[in-house]
Amino acid sequence: MKVAEFNVKKRFSEASGSCAVVDDNIKMELNKYGVYEETVLVNEDYELDSIVEYVSPNLNEEINESEIAEKLYDNIKEINYDKRIGYYISLYAGYVNEGDYREKASSGGMGTWIFKELFEKKLIDGVIHVKENPEKNSPIMFQYDISRSIDEIRAGAKTKYYPVEFSRVLKIVKEVPGRYAIVGIPSFIMAIRLLAEKDEVIKNRIKYTVGLICGHQKSSKFAEAIAWQVGIKPGNLKYINFRKKLLDKPANNYGVEITGLIDGNEVTTVKSTKELLGQNWGQGYFKTKASDFTDDVMNETADITLGDAWLQEYTKDSRGNNVIVVRNPVIDDLIKEGIESGKLNLDIVDKEIIFRSQAAHYRHTHDELAYRLYKRDKANEWKPKKRVEASNSVPLLRRKVQDLREEISTQSHLVYKKAVELDDLDYFKTEMGKLSRRYNQLYKLILIQKKGITGVINAIIRKVSKKISR
Ligand SMILES: Cc1cc2nc3c(=O)[nH]c(=O)nc-3n(C[C@H](O)[C@H](O)[C@H](O)COP(=O)(O)OP(=O)(O)OC[C@H]3O[C@@H](n4cnc5c(N)ncnc54)[C@H](O)[C@@H]3O)c2cc1C
588 MKVAEFNVKK RFSEASGSCA VVDDNIKMEL NKYGVYEETV LVNEDYELDS
638 IVEYVSPNLN EEINESEIAE KLYDNIKEIN YDKRIGYYIS LYAGYVNEGD
688 YREKASSGGM GTWIFKELFE KKLIDGVIHV KENPEKNSPI MFQYDISRSI
738 DEIRAGAKTK YYPVEFSRVL KIVKEVPGRY AIVGIPSFIM AIRLLAEKDE
788 VIKNRIKYTV GLICGHQKSS KFAEAIAWQV GIKPGNLKYI NFRKKLLDKP
838 ANNYGVEITG LIDGNEVTTV KSTKELLGQN WGQGYFKTKA SDFTDDVMNE
888 TADITLGDAW LQEYTKDSRG NNVIVVRNPV IDDLIKEGIE SGKLNLDIVD
938 KEIIFRSQAA HYRHTHDELA YRLYKRDKAN EWKPKKRVEA SNSVPLLRRK
988 VQDLREEIST QSHLVYKKAV ELDDLDYFKT EMGKLSRRYN QLYKLILIQK
1038 KGITGVINAI IRKVSKKISR
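My numbering applies: residue 588 is where the sequence shown begins, and numbers increase by one.
In structure tokens form, the structure reads like this:
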């Protein structure tokens, strides 16, 4: 592929860094909107390495997630298959009982625990995951890194809603022999699988993949905008914990812990996400374009998939719970041993429970992708090849939701940049507040359509009488 063509298509790239692993003319850089982008160091006529296209999930038109997953898991004796979840041996919901893994994690702590188990049982020599950047003067706060001890593994716990890429660490993996496990969002794990198809060293050294469910990727400005809302101006943010568990609240009502400089003094603040603009994930503030062009909700090519158990029966415990989809027999054995020894407190759950925990995500990412693809066709634009077909047959109000989500995410990048230039956070709040209000009104309309006027009035009466009787 010529650079000129790559430069058009890369707007849809997940920007994992896989292209930079296979072609030294490509470098990963954060752009002016705080989103990773493949910067090409040669001119537009240059022919890039022939596998650049193959290793990027949205540029690859040869093989999809279902086909990769079939190669990996279809021959496992105890395997099951569900079209929404992909292959699975076991399905669970719950948390880690052992030590303080759960306390130190974002959800139930399985992400860090499974790495610890693989390492302790000498099944791997290193863990590739996302940690704080040790270079404190760098504007990049978090990055993929390699941990080679239990302490290092534990230090990488917690969800970072922050852009990352793995080209730097994968180059180390190629140089330093060993057995590694890696964690990533769906498009990143797919990128690893595609790289492994073309590169024997990566195939042999990446032994296990831990997949996260991912609503969408955020730009680095998401963190910056949160900090600014508590008085820490852009450039003064030192640390952010995106998932601070609030022990008096349900798990899905979490907080953000932010440390930074205000008037030259270092301060730490905890704020509930409910009090901050841009925290409604449906609205998609600071979302990357690629996130709207994946159809893989359940990280189908990962050996184990982990997410939040966003279900009332689990969210009532503020300490957090995971939903877990296991596809690899070795990992399945570790989990079964963990349950038997009491290190894990997991319920065996039905596939409907797993699906229900991600129902809204599935509707946006999978079902309504059809309409987003249709819009690209209508605009005569190139679009990635997906397992979902382009279609306009999404219901009218849902199409309006999709239109507004696209507008909100596009505008959030532009309006925020202008707010920084103006040194005026209120500009961001006012302009984006207008769009968020339109979004909320649209949802009220959907509610009326769903329940009818009488249904809505009854729901309000129920809510008010509940409040009065408290
Ligand atoms: C951008 C993003 C969006 C998400 N959206 C959803 C969602 O919509 N629904 C849902 O159910 N779950 C979502 N998750 C997953 C969820 O937040 C938890 O990460 C997951 O439940 C595992 O929690 P844990 O307590 O088991 O892991 P922990 O023990 O806290 O370990 C988390 C592991 O993930 C690694 N990690 C952190 N940030 C990243 C990153 N950006 N990329 C790759 N690895 C990372 C850490 O280094 C650590 O190894 C999302 C995660 C991310 C990163």
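No residue lacks a Cβ here, since even glycine has one placed at the ideal position from N, Cα and C.
Out of curiosity, what's the CA-to-CA distance linking residue i and residue j?
i: Gly-865; j: Leu-1022; result: 11 angstroms
i: Gly-1059; j: Asp-632; result: As displayed, the chain neither begins before 588 nor continues past 1057, which places residue 1059 out of reach and without an answer.
i: Glu-968; j: Ser-944; result: 34 angstroms
i: Asp-883; j: Asp-850; result: 45 angstroms
i: Gly-929; j: Asp-920; result: 14 angstroms
i: Asn-724; j: Tyr-826; result: 12 angstroms
i: Ser-999; j: Asn-867; result: 13 angstroms
i: Val-854; j: Val-642; result: 43 angstroms
i: Ala-768; j: Gly-822; result: 33 angstroms
i: Asp-1013; j: Ile-819; result: 14 angstroms
i: Gly-925; j: Gly-698; result: 14 angstroms
i: Asn-909; j: Tyr-668; result: 20 angstroms
i: Asn-1045; j: Arg-986; result: 28 angstroms
i: Phe-599; j: Thr-881; result: 10 angstroms
i: Glu-719; j: Asn-828; result: 10 angstroms
i: Val-655; j: Ile-772; result: The amino acid at residue 655 is misidentified as Val; the sequence shows Ile. Near 16 angstroms, if we compare the C-alpha coordinates of Ile-772 and Ile-655.
i: Val-751; j: Ala-607; result: 13 angstroms
i: Thr-856; j: Val-817; result: 8 angstroms
i: Val-917; j: Ala-602; result: 30 angstroms
i: Lys-785; j: Leu-799; result: 24 angstroms
i: Asp-661; j: Lys-790; result: 18 angstroms
i: Arg-1025; j: Lys-708; result: 53 angstroms
i: Leu-1034; j: Thr-888; result: 36 angstroms
i: Val-975; j: Val-788; result: 33 angstroms
i: Asp-835; j: Asn-932; result: 22 angstroms
Heavy atom of ligand 1 less than 7 angstroms from the Cβ of residue i, yes or no?
i: Tyr-679; result: no
i: Tyr-749; result: yes
i: Ile-772; result: yes
i: Asp-904; result: no
i: Met-1019; result: no
i: Ile-800; result: yes
i: Gln-866; result: no
i: Ala-744; result: yes
i: His-951; result: no
i: Ala-812; result: no
i: Phe-599; result: no
i: Asp-895; result: yes
i: His-1000; result: no
i: Gln-899; result: no
i: Gln-945; result: yes
i: Thr-796; result: no
i: Thr-626; result: no
i: Met-615; result: no
i: Phe-702; result: yes
i: Thr-699; result: yes
i: Asn-909; result: yes
i: Ala-692; result: yes
i: Gln-804; result: yes
i: Gly-686; result: no
i: Lys-718; result: yes
i: Gly-695; result: yes
Under 7 angstroms: does the beta carbon of residue i sit that close to some heavy atom of ligand 2?
i: Ala-656; result: The ligand content of the structure shown is limited to ligand 1, which means ligand 2 is not among them.
Going by the DSSP bridge assignment, what does residue i pair with across the sheet?
i: Tyr-795; result: Ala-768
i: Val-1128; result: For residue 1128 there is no data in the structure shown, the boundaries of the chain being 588 and 1057.
i: Tyr-623; result: Leu-617
i: Asn-852; result: Ile-849
i: Asp-934; result: Ala-680
i: Asn-647; result: Bridge partners of Asn-647: none, in fact.
Cβ of residue i less than 8 angstroms from any chain C Cβ?
i: Ser-807; result: Annotation note: the requested chain C is absent from the structure, which comprises a single protein chain.
Inset, instruction - Starting from the N-terminal side, write out each stretch of the beta strand (DSSP E) that is 3 residues or longer and does not extend beyond the segment 860-917. - result: 891-895 and 909-913
Legend entry - Touch test, the segment 665-679 against the segment 800-817, Cβ-Cβ under 8 angstroms, three pairs minimum: Cβ pair count under 8 angstroms is below three, so no.
Legend entry - Length at least 3, wholly inside the segment 668-722: the beta strand (DSSP E) runs in chain order: 673-675, 677-683 and 713-719
Inset, instruction - Decide yes or no for the touch test of the segment 646-661 against the segment 743-763: beta carbon pairs closer than 8 angstroms, at least 3 of them. - result: no
Legend entry - Cβ contact check for the segment 963-977 and the segment 839-847: 3 or more pairs under 8 angstroms: no
Inset, instruction - Could you say if the segment 977-985 and the segment 951-958 meet the contact criterion of at least three C-beta pairs nearer than 8 angstroms? - result: yes
Inset, instruction - Check whether the segment 679-697 touches the segment 714-729, taking contact to mean three or more Cβ pairs, one atom from each stretch, closer than 8 angstroms. - result: Counting Cβ pairs under 8 angstroms, fewer than three are found: no touch.
Legend entry - Segments of 4+ residues assigned as alpha helix (DSSP H) that fall wholly inside the segment 987-1057: List check, alpha helix (DSSP H) in window: 1012-1056.
Legend entry - Any 3 or more C-beta pairs closer than 8 angstroms across the segment 989-1009 and the segment 807-821: yes
Inset, instruction - Spell out a yes or no on whether the segment 738-747 and the segment 772-785 are touching, meaning 3 or more CB-CB pairs, one atom from each, closer than 8 angstroms. - result: no
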